[in-house]
Amino acid sequence: MKLKAALLILNPAAHNFPGPRRLDKVKEVLAQHACRLEERVTGGPGEATIFAREAAAAGMDAVFVCGGDGTLREAAAGLIGSETALAFLPAGTVNVWAREVGIPLDPLKAALAAVNGQRRLVDVGQADGHIFLLMAGMGLDAQITHRLPLRLKRWTGASAYAVTAAWEALRWRGRGLVIHHQGGETRCRALMVVAANVRNYAGLVQLAPEAQIADGLLDLCVFQGDGLMESVAHLIRVAIGRHLYSEKVIYLQGRRFQLDWEEPTPCHLDGDPIPISPRIIEALPSSLWAIVPAQT
1 MKLKAALLIL NPAAHNFPGP RRLDKVKEVL AQHACRLEER VTGGPGEATI FAREAAAAGM
61 DAVFVCGGDG TLREAAAGLI GSETALAFLP AGTVNVWARE VGIPLDPLKA ALAAVNGQRR
121 LVDVGQADGH IFLLMAGMGL DAQITHRLPL RLKRWTGASA YAVTAAWEAL RWRGRGLVIH
181 HQGGETRCRA LMVVAANVRN YAGLVQLAPE AQIADGLLDL CVFQGDGLME SVAHLIRVAI
241 GRHLYSEKVI YLQGRRFQLD WEEPTPCHLD GDPIPISPRI IEALPSSLWA IVPAQT
């Protein structure tokens, strides 16, 4: 793949960001396939979106993101509807997008795969106007992301989630929810809801096994219940891949969902907490060009 111009966005705060020598090799690979390679370093939330939007406005062929899923989501938000393609050089804690589409987890190997990869139109999700590439989570898992100390996440990675999850699960209680969907209306008491654009969750399990990145739909997985024992039961069923057989789990597919919670409920997008309880969650079909390994 030969590129006229490309942008490399770096997030040095990512948990597995490559060292100087490894990073130089990544840049060397990209420079060999781009007539012009520019570089920008993020210093705070939202900057990756600005950098990516500027790259799209300048007509660049591709934006390479070396960071985690959160940085990737921000960059994707800046490229919606453009011809500029998004490529992921995973350096985060979990790197769900890489696992979903088969990108190597090593940034250098990912760079080599990208320059030999292919462009593909994929869907993204939108929650009250906020873009997500992987999933929107509400309830218990979102509460965990809101409570997770950022410094702890950067230093300890995935283990930080486990510690925070155990503590929050002890206290979390289900909430009343009305879901409006194409098939009608569903009322329940939910511990957690995930609107998924991908199959993988936390890089460990397939929470939404029927999800596809280019089917124009979102998969809504609703875990019903009220307290700790039901949360543990859900966890076990998810771990062994049997959660969709439970009468306590609602699984819906659709283009658009309206979620009416009985009280404000925490939310995360691709693992990053956001300060809203989104009401409208919808798919934006074929709205983003992504660079993925050949034959993905």
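Numbering (my numbering), first residue to last: 1 to 296. Even glycine gets a Cβ: it sits at the ideal position worked out from N, Cα and C.
Per DSSP, what kind of secondary structure is T186 in: helix, strand or coil? T186 carries a strand assignment under DSSP once its states are collapsed to helix, strand and coil.
R175: buried (16+ other C-beta within 10 angstroms of its C-beta) or exposed? Under the 10 Å beta carbon count, R175 is surrounded by 16 or more other beta carbons and is classified as buried.
Any contact of the segment 98-112 with the segment 262-276, i.e. 3+ C-beta pairs under 8 Å? Fewer than three pairs of CB atoms, one per stretch, sit closer than 8 Å, so the segment 98-112 makes no contact with the segment 262-276.
So what does I291 bridge to, in DSSP terms? DSSP, once it has assigned bridges, lists R119 as partnering I291.
Taking the Cβ atom as the reference point for each residue, do T71 and N11 lie within a distance shorter than 8 Å? Against a cut-off of 8 Å, the Cβ pair of N11 and T71 comes out as a contact.
How many whole angstroms separate the CB atoms of E185 and V178, which I take to be in contact at a CB cut-off of 8 Å? At roughly 6 Å, the Cβ-Cβ gap stays under 8 Å, so E185 and V178 are in contact.
Grab the span of the alpha helix (DSSP H) containing P20 for me, first residue to last. Note, P20: alpha helix (DSSP H), P20 to H33.
Below 8 Å on the Cβ atoms is my contact criterion, and I expect A190 with F223 to pass it. Report the Cβ-Cβ distance as a whole number of Å. Contact between A190 and F223 holds, since their C-beta atoms are separated by about 6 Å, short of 8 Å.
Which class does L244 belong to by DSSP, given the choice of helix, strand or coil? In the structure shown, L244 sits in a helix (DSSP, three-state: H, G or I).
Within 8 Å, strictly: CB atoms of L7 and V63: In this structure, L7 sits near V63, with a CB-CB distance shorter than 8 Å.
CA-to-CA distance, V163 to R21, given in whole angstroms: Using only the alpha carbons, I get a separation of about 33 Å.
Should D219 and R73 be called a contact, given that it needs their Cβ atoms to be closer than 8 Å? No, the pair does not count as a contact, with Cβ atoms beyond the cut-off.
Rounded to a whole number of angstroms, what is the C-alpha to C-alpha distance between F257 and Q126? About 11 Å.
Return helix, strand or coil for W97, following the three-state DSSP convention. In this structure, W97 counts as helix in the three-state DSSP scheme.
If we ignore side chains and look at the alpha-carbon of each, how far apart do S246 and G46 end up? Answer to the nearest angstrom: the Cα atoms are 39 Å apart.
Label C66 either buried or exposed according to how many other C-beta atoms from any shown protein chain fall within 10 Å of its C-beta, with 16 as the threshold for buried. Classification for C66: buried.
To the nearest angstrom, report how far apart L133 and N16 are at their CA atoms. L133 and N16: Cα-Cα distance of roughly 20 Å.
State buried or exposed for Q253, treating a residue as buried only when at least 16 other CB atoms are found within 10 Å of its CB. Burial check for Q253: the Cβ neighbour count within 10 Å reaches 16 or more, so the residue is buried.
List the endpoints of the continuous beta strand (DSSP E) containing H130. If you look at H130, you'll find it in the beta strand (DSSP E) that goes H130 to F132.
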